[in-house]
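This report concerns only the one structure given below.
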Amino acid sequence: MRTSFMRPCLRRMFSDRGGNFGIMTAIMAPVLLGAAGMAIDYSNAMLSQRELQEATDAGALAAATALANGTASTTADAQTIAKNFVSGQMANYVGTDAINSIKAGTSVDIDVSTTATSKSYKVTVATSYGIATTPFMNVLGYKTLNIGASTSTSSGTSDTKTALSMELVLDQSGSMGENTTTCATYSGKNCKTYVKKIDALKAAANALFAALDTADPDHSLVRTGAYSYNNGLIYKDWQKTQIKSMSGMAWGTETTATYVSGITASGGTDATEPMRQATLSIAKASDGSDVETQAHAAKGNNIVSRYIILMTDGEMTGNTGVWQYSFDQNVRKQCDATKVAGIKIFTVAFMAPDKGKQLLQYCASPGGNYYEAETMEKLVASFTSIAKEATKAVTLLTN
């Protein structure tokens, strides 16, 4: 059979370009639709992934914070908090089915590290879920796209102990032997004897010591000492080589309390020298070689606050019986030097005249550290308040 006649027919068929567009469209349509679907679904996936990442970050942070501040008492509680945060955040964007999928696909790992003084937490949250694709992607056989997110965050707690060294500079001048308005004993309805100022001071000091002991029951954070004064310090010898009216710095309050309980009222009033000695006693040396820094370091206390409580019931008279400008100015200058040395000064004016009050207002460190008491009860309250203020930072929780 002859086929030569077919050759021209085939040649004409293959060289005919009619209908090519339709053929090419039929071939390319699925690819083009799939590409369009990929672009749309990729954009949706990127948006959903960002939302999921933000929710995951929030969950990890919430769990870590709850562990650090004690809201979550166990790691299981923290895991629940993290999962609830993730699903709660995503509920703003997706439906119930997706939320159930997110809950099932969320894992929370918590690593706890503990030392003698601290505890740290590393929280890792990972989650994923599938999002439905557009019909265009279905052409390529993809019904869903799986997206995921993970994050880690850390938190911790540490007991940062701020220790303190405190010197009391207390007035024991003759006027401290005068009566307060507080009755000591009654005869019927009438007051028979009144509490002396010096005894009111001792009661106030005891309240201070009790508060300090409560804050530091182990006597490992608080060191106290005292200087009492009339016309300056009282010495054991006429050469003034040994101070009698003092109690050296010691751990806790017992030694200082014993000394304060034995002071008696006599003499004039000049706080210059006791303030100078108290400052020298607890001021920090730039190289850390001072006694207080070394004593606290031996107990592991690296942060030490330093305080002086200056108390008087009078004005600076020396032994003259009348106010002396020069003595008053000397005390002010010493208070300035004490503040420069980094020591915080609390001052207490107890039934004091105006010039005494003005001096102590000047000497007090800024921020409400001047106290004024006209009664024994107010004096006790003032010393108690000072103790609470000074011990605020004895134990702090640091996140």
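Going letter by letter, the sequence shown gives residues 615 to 1013 in the working numbering. C-beta: ideal position from N, C-alpha, C; glycine also.
Whole-angstrom Cβ separation of residue i and residue j, contact assumed at under 8 angstroms?
i, j, result
"Thr670", "Val700", "6 angstroms"
"Ala892", "Glu781", "4 angstroms"
"Ala879", "Gly791", "4 angstroms"
"Leu847", "Leu924", "Incorrect: roughly 14 angstroms between the Cβ atoms, too far for contact."
"Phe960", "Ile917", "The pair is not a contact, with the Cβ atoms about 19 angstroms apart (cut-off 8 angstroms)."
"Thr741", "Thr758", "So it is not a contact: roughly 16 angstroms between Cβ atoms."
"Ile613", "Ala659", "Given a span of 615 to 1013 for the chain in the structure shown, any question on residue 613 remains unanswerable."
"Val962", "Ser996", "5 angstroms"
"Gln786", "Ser842", "4 angstroms"
"Tyr735", "Leu681", "5 angstroms"
"Gly932", "Phe941", "5 angstroms"
"Gly956", "Arg920", "7 angstroms"
"Leu815", "Leu784", "6 angstroms"
"Thr907", "Lys898", "6 angstroms"
Among all the DSSP beta bridges, which residues are the ones paired with residue i?
i, result
"Val737", "Ile724 and Thr767"
"Thr961", "Leu924 and Tyr984"
"Ser742", "Gly762"
"Asp785", "Tyr843"
"Met790", "Its beta-bridge partners do not exist; DSSP assigns none."
"Gly932", "Thr883"
"Ala777", "Val918"
Terminal residues of the continuous beta strand (DSSP E) containing residue i?
i, result
"Tyr800", "Asn793 to Ser801"
"Met925", "Ile917 to Thr926"
"Lys810", "Asn804 to Lys810"
Which residue from the options puts its Cα closest to that of residue i?
i, options, result
"Met860", "Gly882, Arg890, Val836 and Pro831", "Arg890"
"Ala777", "Ile896, Ile724, Gly862 and Gln667", "Ile896"
"Gly762", "Ser768, Val739, Gly914 and Ser769", "Val739"
"Glu668", "Glu887, Ala705 and Thr998", "Ala705"
"Asn915", "Thr952, Leu835 and Glu665", "Leu835"
"Ala817", "Lys1002, Gly862 and Thr998", "Thr998"
"Asn844", "Asn983, Gly882 and Ala676", "Gly882"
"Met930", "Lys958, Val726, Lys898 and Pro967", "Pro967"
"Gly788", "Leu675, Thr694, Pro888 and Thr926", "Thr926"
"Arg837", "Val905, Phe964 and Tyr800", "Val905"
"Thr872", "Trp852, Ala840, Glu887 and Asp901", "Ala840"
"Tyr808", "Asn820, Glu868 and Thr795", "Thr795"
"Ala690", "Ala677, Arg920, Gly702 and Ala824", "Ala677"
"Gly673", "Trp865, Thr767, Gln948 and Val994", "Thr767"
"Val726", "Ala692, Gly702, Asn714 and Trp865", "Ala692"
"Met965", "Lys958, Tyr743 and Leu993", "Leu993"
"Asn698", "Val722, Asn683 and Tyr921", "Val722"
"Pro888", "Gln948, Lys969, Gln908 and Ala814", "Gln948"
"His833", "Gln663, Ser779, Thr765 and Gly702", "Ser779"
"Ser900", "Lys850, Gln943, Val954 and Gly684", "Val954"
"Gly862", "Leu661, Thr870 and Gln856", "Thr870"
"Tyr976", "Ala987, Asp950 and Thr989", "Asp950"
In the DSSP assignment, find the alpha helix (DSSP H) that holds residue i and state where it starts and stops.
i, result
"Thr952", "Tyr939 to Val954"
"Asn714", "Thr710 to Gly719"
"Tyr976", "Asp968 to Cys977"
"Gly702", "Thr689 to Met704"
"Lys1002", "Met990 to Ala1004"
- [ ] Taking only runs that begin and end inside the region 813-891, name each unbroken alpha helix (DSSP H) of 4 or more residues, in chain order.
- [x] Runs of the alpha helix (DSSP H) inside the region 813-891: 868-874.
- [ ] Any chance you could list the alpha helix (DSSP H) runs of at least 4 consecutive residues sitting entirely within the region 889-913, in chain order?
- [x] Taken in chain order, the complete alpha helix (DSSP H) segments of 4 or more residues contained in the region 889-913 are 905-912.
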